[in-house]
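Asks:
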Amino acid sequence: MLRFADLLERHSDELAALETWDNGKPYEQAANEEIPMLIRLFRYYAGWVDKIHGLTAPADSLHHVQTLHEPIGVAGQIIPWNFPLLMFAWKVGPALACGNTVVLKPAEQTPLSALYVSKLFHEVGLPPGVLNVIPGSGSAGADLASHMDVDKIAFTVSTEIDADIDKAVELSHSAVFFNQGQSCCAGSRTFVHERVYDEFVEKTKVRALKRIVGDPFKKGVEQGPQILFFRSHTEQFEKILKYIKSGTLESGGEKLGSKGFYVQPTVFSNVQDNMLIARDEIFGPVQSLLKFKDVEEVIRRANSSHYGLAAAAVADSGFRVQMGFEPRHQPSKVAILPWHHKSVLFSGWHALYLYKYYIYIYIYTYVYIEFPSKFGGGVAPPHPFIDPPPPAGAFTQNIDAANTISRALRVGTVWINCFNIFDAAIPFGGYKMSGHGREKGVYSLSNYLQVKAIVTPLKNPAWL
1 MLRFADLLER HSDELAALET WDNGKPYEQA ANEEIPMLIR LFRYYAGWVD
51 KIHGLTAPAD SLHHVQTLHE PIGVAGQIIP WNFPLLMFAW KVGPALACGN
101 TVVLKPAEQT PLSALYVSKL FHEVGLPPGV LNVIPGSGSA GADLASHMDV
151 DKIAFTVSTE IDADIDKAVE LSHSAVFFNQ GQSCCAGSRT FVHERVYDEF
201 VEKTKVRALK RIVGDPFKKG VEQGPQILFF RSHTEQFEKI LKYIKSGTLE
251 SGGEKLGSKG FYVQPTVFSN VQDNMLIARD EIFGPVQSLL KFKDVEEVIR
301 RANSSHYGLA AAAVADSGFR VQMGFEPRHQ PSKVAILPWH HKSVLFSGWH
351 ALYLYKYYIY IYIYTYVYIE FPSKFGGGVA PPHPFIDPPP PAGAFTQNID
401 AANTISRALR VGTVWINCFN IFDAAIPFGG YKMSGHGREK GVYSLSNYLQ
451 VKAIVTPLKN PAWL
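Per full-length UniProt numbering: the sequence shown ends with 464, consecutive numbering throughout.
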């Protein structure tokens, strides 16, 4: 597997080009972000190959008990089209590291990179039959899942921050429009505090209008075409346009150009929770801006979702915001933003974004939301200009706030002081309808291992 990772590195350019041809994502995104991550994932799992072992279990004094961790056998795997190579690594890496054979069905829209990578795997000496890629439509996946010789099915379907609202706009923009909005962790819902809502809407609109859409192989292009489906080349494209029917349209909302399947970066304001664009996963370049008033409201709306993949919290090390320690700085001001599938929220020195996978705290402007009384609420905050917050030094108080809120969220991942960190060692998965089990990290190995207990009688043990 290490030799395979080295071979992937030598073929980085071809792999990035295949991802762009297959998926439409910008070449620079594939080459600079996704292919390096692909290589790191396989190197990570290569390190586990000789470290999987059983345990000795305590039992009564007359028996010796040990456990073995054995491969499950044949792993059937079905991967989606939004991140073809990364999903390939998330599934194939742990399965092979645990000693299984794999039958993998890539998405019918994006089979090229999986076929190419499996060819490279065999070039480094992987025996025939260990890794098998079977392109096909949904019926191929159904046949794979129902086959009696398949033992397991795994599938995926569907530093210091400036106190500047412009930064918050840019961060939420990236969270929504990355990968043409075709990401299960895209921040399609952005919750903005009512005191800065109008300003945030205007700046978000301006940023969306500046987004560069076009040929994904051209340098500087930020957004390529939407994915194509074999049964209907316009299916995903038309699905996105169908959602663009409610709220107040601030920018975009139309097909871009006369050729291809390009959608204008679209921003809606005055979106309500019961609207279709606020409830469903659009999987396209559409951002909905929702207004909120207080922390309790946002947490309630976040946890009421049927989804709960992850959350992230970002606190600014450049500000010392107290959490009930110095009365003149109580309460610490934190805003929360939840997503039905994913959401972002801004307010106070920090803003907490929640979405299907993550929650962020981001400092960007001096607008305050008071915490509940248990955080020392009820004391007026210092004036941001007359009585500014003290310099960096009590950073842990902000972390306490992030941890307190993140523990209340029923999600599978919480990021603190960071965003979109997908290291190979970090487990990834969700609560509730966001899925079962975990991918990546040591926890992913349990998906492809079964435990056997071996009990042996002891004759004349020394301790008796």
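The beta carbon of each residue, even a glycine, is placed where N, CA and C say it ideally should be.
If you draw a straight line from the C-alpha of H63 to the C-alpha of Q450, how long is it?
Replies: Cα to Cα, the separation comes out at about 22 Å.
Asks: In the DSSP assignment, what residue or residues form a beta bridge with N32?
Replies: The partner list for N32 (beta bridge, DSSP) is empty, contrary to what the question assumes.
Asks: Does DSSP put L70 in a helix, a strand or coil?
Replies: For the sequence presented, residue 70 should be read as Glu rather than Leu. DSSP places E70 in strand when its eight states are reduced to three.
Asks: So L85 and E19 are supposed to be a Cβ contact under 8 Å. How far apart are they, rounded?
Replies: About 6 Å separates the two Cβ atoms, so the contact holds.
Asks: Would K219 pass as a contact of N447 if the rule is Cβ separation under 9 Å?
Replies: Contact: no.
Asks: Using the Cβ count rule (16 or more neighbours within 10 Å means buried), how would you classify H341?
Replies: For H341, the predicted structure reports a pLDDT of 31, less than 50, and the residue's modelled location is therefore unreliable. The matter cannot be settled from this model.
Asks: How should M148 be labelled, buried or exposed, when 16 other C-beta atoms within 10 angstroms of its C-beta is the threshold for buried?
Replies: That one is exposed.
Asks: Please say whether V411 and G430 have beta carbons closer to each other than 9 Å?
Replies: Yes, these two residues count as a Cβ contact at 9 Å.
Asks: Under DSSP, the alpha helix (DSSP H) around V133 begins and ends at which residues?
Replies: Note, V133: premise wrong, no alpha helix (DSSP H); beta strand (DSSP E) at 131 to 133.
Asks: By the three-class DSSP mapping on this structure, what secondary structure does residue 548 have?
Replies: The structure shown does not extend to residue 548, since the chain is modelled only from 1 through 464, so no value can be given for it.
Asks: Whose C-alpha, out of P58, N32, N270, is nearest the C-alpha of I454?
Replies: The candidate whose alpha carbon is nearest that of I454 is P58.
Asks: Rounded to whole angstroms, what's the CA-CA distance from L445 to P127? Just pull it up for me.
Replies: Looking at the two C-alpha atoms, the distance is approximately 21 Å.
Asks: If I measure Cβ to Cβ from H69 and keep anything under 7 Å in the same chain, skipping five residues before and after, which residues do I get?
Replies: Excluding residues within five positions, the ones whose Cβ falls inside 7 Å are I52, H53, G54, L449, V451.
Asks: Between which two residues does the beta strand (DSSP E) harbouring E250 extend?
Replies: First-last of the beta strand (DSSP E) with E250: 248 to 251.
Asks: Give me, in chain order, the residues of the same chain whose beta-carbon lies closer than 6 Å to that of S12; leave out the 5 immediate sequence neighbours on both sides.
Replies: Closer than 6 Å at the Cβ level, and outside the excluded window around S12, lie I35.
Asks: According to DSSP, which residues form a beta bridge with Q450?
Replies: Answer by DSSP bridge pairing, in chain order: E70.
Asks: Using 10 angstroms around the beta-carbon of R438, count the other beta-carbons present and answer buried if the total reaches 16, otherwise exposed.
Replies: Buried.
Asks: Please report the straight-line C-alpha distance between H122 and L15, rounded to a whole angstrom.
Replies: Using only the alpha carbons, I get a separation of about 16 Å.
Asks: Near A31, what residues of its chain come up, given a Cβ to Cβ distance below 6 Å and the 5 sequence neighbours on each side ignored?
Replies: Closer than 6 Å at Cβ, skipping near neighbours: A16.
Asks: Expressed to the nearest angstrom, what Euclidean distance is found between the alpha-carbon atoms of R3 and G125?
Replies: Cα to Cα, the separation comes out at about 9 Å.
Asks: What would DSSP say about L276, mapped onto helix, strand or coil?
Replies: If DSSP states are grouped into helix, strand and coil, L276 belongs with the helices.
Asks: Please determine, among T248, T266, G99, R10, the residue with the shortest C-alpha to C-alpha distance to Y45.
Replies: Of T248, T266, G99, R10, the residue nearest in Cα terms is G99.
Asks: Can you tell me the Cα-Cα spacing of P457 and G129, whole angstroms?
Replies: Distance between the alpha carbons of P457 and G129: 40 Å.
Asks: Taking Cβ to Cβ, would you say M37 is nearer than 9 Å to L96?
Replies: In this structure, L96 does not lie closer than 9 Å to M37 by Cβ.
Asks: Among M275, V271, S251, A142, whose alpha-carbon lies nearest the alpha-carbon of P265?
Replies: Residue S251 is the option with its Cα nearest to P265.
Asks: Which one of Q77, A145, D423, P225 has the shortest CA to CA distance from G284?
Replies: Among Q77, A145, D423, P225, the Cα nearest to that of G284 is on P225.
Asks: My guess is that L289 and V263 are in contact by the Cβ rule of under 8 Å, so how many angstroms apart are they, rounded?
Replies: That belief does not hold up - the Cβ atoms of L289 and V263 are roughly 18 Å apart, past 8 Å.
Asks: By alpha-carbon positions, which one of A89, N23, T190 ends up nearest to S269?
Replies: Out of A89, N23, T190, T190 has the C-alpha closest to the C-alpha of S269.
Asks: Report the CB separation of E222 from R207 in whole angstroms; it is logged as a contact under 8 Å.
Replies: Going by Cβ atoms, the distance from E222 to R207 rounds to 11 Å, so no, they are not a contact pair.
Asks: From P80, E33, D60, G76, pick the residue whose C-alpha is nearest to that of residue 466; which is it?
Replies: Residue 466 is absent from the model: the chain starts at 1 and stops at 464.
Asks: So, using beta-carbon positions, are V150 and V92 closer together than 9 Å?
Replies: Not closer than 9 Å, so no.
Asks: Assign Q272 to buried or exposed, taking buried as 16 or more other Cβ atoms, counted over all protein chains shown, within 10 Å of its Cβ.
Replies: Q272 is exposed by the Cβ-count criterion.
Asks: For T56, count the other beta carbons within 10 Å of its own beta carbon; 16 or more makes it buried, fewer makes it exposed. Which is it?
Replies: So T56 ends up on the exposed side.
Asks: Return yes when the Cβ of F83 is within less than 9 Å of the Cβ of P106, no when it is not.
Replies: In this structure, F83 does not lie closer than 9 Å to P106 by Cβ.
Asks: Would S406 be called buried (16 or more neighbouring beta carbons within 10 Å of its own) or exposed?
Replies: Label assigned to S406: buried.
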